[in-house]
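**Q** The letter at position 159 of the sequence shown is residue 305 when you use the numbering used here, and the numbering goes up by one with no holes. Don't be surprised by glycine CBs; every beta carbon is placed ideally from N, CA and C.
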Amino acid sequence: MTVVSSLRTSLALLAAVALLGVQGCSVLPLYKHPNVAKQAEPVEPVGTYNASLRIPWDYDFTSASEAQAARCRRFLATGIRPPVGEAEPCHGVARDANFVALALSGGGSRSAGLSAAVMWDLNRIGVLEHVDVISAVSGGAQAATLYALMRDAEDARGANAVPNRYVFDPDDPKKSVDVFSRNLTADWTLSFVMPWHLGPYLVTYFDRTDVMADSLADNYYPRGPPLDLNWGMRFRDLNPKRPSLVLSAVDMTLRLGANGVPAGIAGQCFTVSYETIQTQLASDLHELSLAQAVMASGAYPGMFQYLSLKDFSRTTPAGDAVYVHLADGGIRDHLALVPINAMLRRFAEGRSLIGLGPDDIARACEISRGVLTPPRDSHGAPPGAESLIATWGRPVLPQKILVIVVDAARPPRGFEEEDADPRATLGDRIVPVSKVIDSVDATLDDQRALMAIELVELRRYLTGKKATEIGLRRCVREAGGSPEDLAACLIDLSGAGPEGHDRAFGPTCCPIIGLGVHDFTKFADQRFGPFNSDDLDSDEVWGADHVTLECLEDNDYGRGDPSSLYAAMRKMPISLSLSASELATVKRAAHALVDEMLADFCDPQTHLLADVDGISCTPPPAPRKVGCRN
């Protein structure tokens, strides 16, 4: 009886603990955050500095060795110089004059697969090696992070602890694209019942976001056996020869003032960057798990809890620890354009990226609230950057700027008007998840449109078009009807650079190419109309070009054909897995988009992509029946 009684008591206690855990009530105040306090900079250069916002675009790290690239990046991010007598860290690293940015949107496994497949195809045509920064969010962050880890075959031999895992093979997409067909939903669900997950989940702060991070680490970024509970590869493991990596999240922290009154608004843009983690949070980015960072960027509302990081730089007035709570970055920046817009804004203001930081990100983020602020008229670099700029020996502004946006998003699916029963699926009869996703997608459409407006408006500043419009209107206004005064003003205007001072930019400096299911600026036009009704060139309001599956139907598929790539990608839901047929569709879509980009943007005379010097291309031998370039 004693044994039976004890067993019953134990089961009752276990059931009580399980009930509390299921209700989300943590029993033991353990595992509050996955990050640690900032440590001294590693003696040996590491890959963490890939996550710096302020690395100049004009260093071609692909031509350097991994060690040389790491040393140079460390110097540019921190200003730490080598000991006396050693060579300058960036000596011998090749330079280029172009700034090339790649934005990878959110959209679950659909976005992860399309982003990876597009990168693989961009590598095929020789464009990926020119990319200076990859900005990614949510599903796109999964693919961007894996590519940032991967080594080229010639560098992997003898240099990687897991040599067969992180090799980018341009002839075999299995490790860099096909990997995103893994069923993370099943893996995540199974992980819950594992003792090392179930126990902490029931009685500590360990939650479903942490379980998902462990699944990501096991599937994409492992550093040891499957049962090695160390959260996989860290930021220090990034390949320093890869482009700068910027992962975006949303800071949902409610900060309180000294009197306990909320100070500020929750929902600010947050970048998992060296400047944010090391400087603002006084935390160690070198040891932060990549899987945790990706989950911070992809903690989709309603599915995952916030990912919480401890802010080691401060405490509450009472001396208590404070935390930063991060959610899916797509809430504010589904196109991953905020960091890129922040960089372009500095260029438009005549400033370099040296000094770029979280404040610039916050300013660029406000466009998603509808706050339109023109670039400031400033010159040069911020104080403290002169010593670094002096080592470059060249202007701090690029000659050409190219932005490629991979957009795996789609408009809300909605619900068919003739269907009276909104419970579309068996799952919706229990929890209407599809309706939640539709509602979120409707909100995302608005901020995607605003981000598109900001991107193209910045392009107008960079090309001088905006300055010309402003100058013409000023001349007309100040001339007061006098032809002589108007002529004199126009002569003065023609001799001035954009915003009245010389820059390296001109009308063809800044092509924007969108690759995706739809034209991402079309949503802006549909929701807000032309953002500048006084535009002097109304036929080119947006100034961006697009290659879309919607357009490609006119070339290779029948409009409205239910088996077309467009139809298949549009119907593909946001999920944590891709079936074999969905993966095949994603890869075909990426290949078609990149091939069409070549057809429409590769100049047959100069063999340059979008007229960007240094990015050579080979146009297809047969022209397309219908070009997709706007």
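(1) Within the chosen definition, does the segment 446-461 reach the segment 257-265 through at least 3 CB pairs nearer than 8 Å?
(2) List in chain order: all unbroken alpha helix (DSSP H) runs of 4+ residues lying wholly within the segment 365-421.
(3) What is the C-beta distance between Val313 and Ala294, in whole angstroms, given that I count them as a contact (C-beta under 8 Å)?
(4) In chain order, what residues of the same chain lie with their CB nearer than 6 Å to the CB of Val693, ignoring the 5 residues before and after it?
(5) Grab me the residues of Arg380's own chain with a C-beta within less than 7 Å of its C-beta, minus the 5 sequence neighbours each way, in chain order.
(6) Quick check on Ser498: does DSSP put it in helix, strand or coil?
(7) Tell me the DSSP bridge mates of Gly662?
(8) Just to confirm, is the Cβ distance from Arg256 to Met597 under 9 Å?
(9) My assumption, with CB atoms under 8 Å, is that Glu275 sits in contact with Thr224. Please give the rounded CB distance.
(10) Can you grab the Cα-Cα spacing for the pair Arg388 / Met296, in whole Å?
(11) Buried or exposed: where does Met398 fall if 16 or more other Cβ atoms within 10 Å of its Cβ makes it buried?
(12) Under 9 Å between the Cβ atoms of Val392 and Thr417?
(13) Can you tell me the Cα-Cα spacing of Asp553 and Asp466, whole angstroms?
(14) Specify the secondary structure class of Leu608 as computed by DSSP and reduced to three states.
(15) Which of helix, strand or coil does DSSP assign to Val227?
(16) Determine the closest residue to Ala216 out of Ser390, Glu495, Lys184 and Leu248, with distance taken between C-alpha atoms.
(17) Name the residue from Asp591, Val549, Lys581 and Gly627 whose alpha carbon lies nearest to the alpha carbon of Asp757.
(18) CA-CA distance, Ile226 and Arg220?
(19) Within its chain, find whatever has a CB closer than 7 Å to the CB of Ile271; leave out the 5 residues flanking it on each side and keep chain order.
(20) Where in the segment 423-505 do unbroken runs of the beta strand (DSSP E), each at least 3 residues long, occur, reported from the N-terminal end onward?
(21) Please determine if the segment 178-194 and the segment 479-487 are in contact, where contact requires at least 3 C-beta pairs separated by less than 8 Å.
(22) With a threshold of 8 Å on Cβ separation, who are the neighbours of Asp206 within its own chain once the five nearest residues in sequence on each side are excluded?
(23) Consult DSSP for Asn196 and reduce its assignment to one of helix, strand or coil.
(24) From Pro653 to Phe338, what does the alpha carbon distance come to, in whole angstroms?
(25) Quick one, which of Gln593, Cys748 and His753 has its alpha-carbon nearest Gly252's?
(26) In angstroms, rounded to a whole number, what distance separates the CA positions of Arg605 and Leu250?
(27) Starting from Ala250, follow its DSSP beta bridges and name the residues at the other end.
(28) What's the C-alpha gap between Ala566 and Leu402?
**A** In short, the structure shows the following:
(1) no
(2) none
(3) With a Cβ gap of about 14 Å, Val313 and Ala294 do not count as contacting.
(4) Leu661, Leu739, Glu742, Met743 and Cys774
(5) His432, Glu433, Leu434, Ser435 and Leu436
(6) coil
(7) Asp553 and Thr694
(8) no
(9) That pair is no contact at about 26 Å.
(10) 8 Å
(11) buried
(12) yes
(13) 42 Å
(14) helix
(15) Checking the sequence, you will find Arg at residue 227 rather than Val. Arg227: coil per DSSP, three-state reduction.
(16) Ser390
(17) Val549
(18) 7 Å
(19) Val740, Leu744 and Cys763
(20) 453-461 and 467-474
(21) no
(22) Val239, Ala240, Arg241 and Asp242
(23) helix
(24) 55 Å
(25) Gln593
(26) 19 Å
(27) Sequence inspection shows Leu at residue 250; the Ala mentioned does not correspond to that position. DSSP, once it has assigned bridges, lists Ala282 and Val552 as partnering Leu250.
(28) 47 Å
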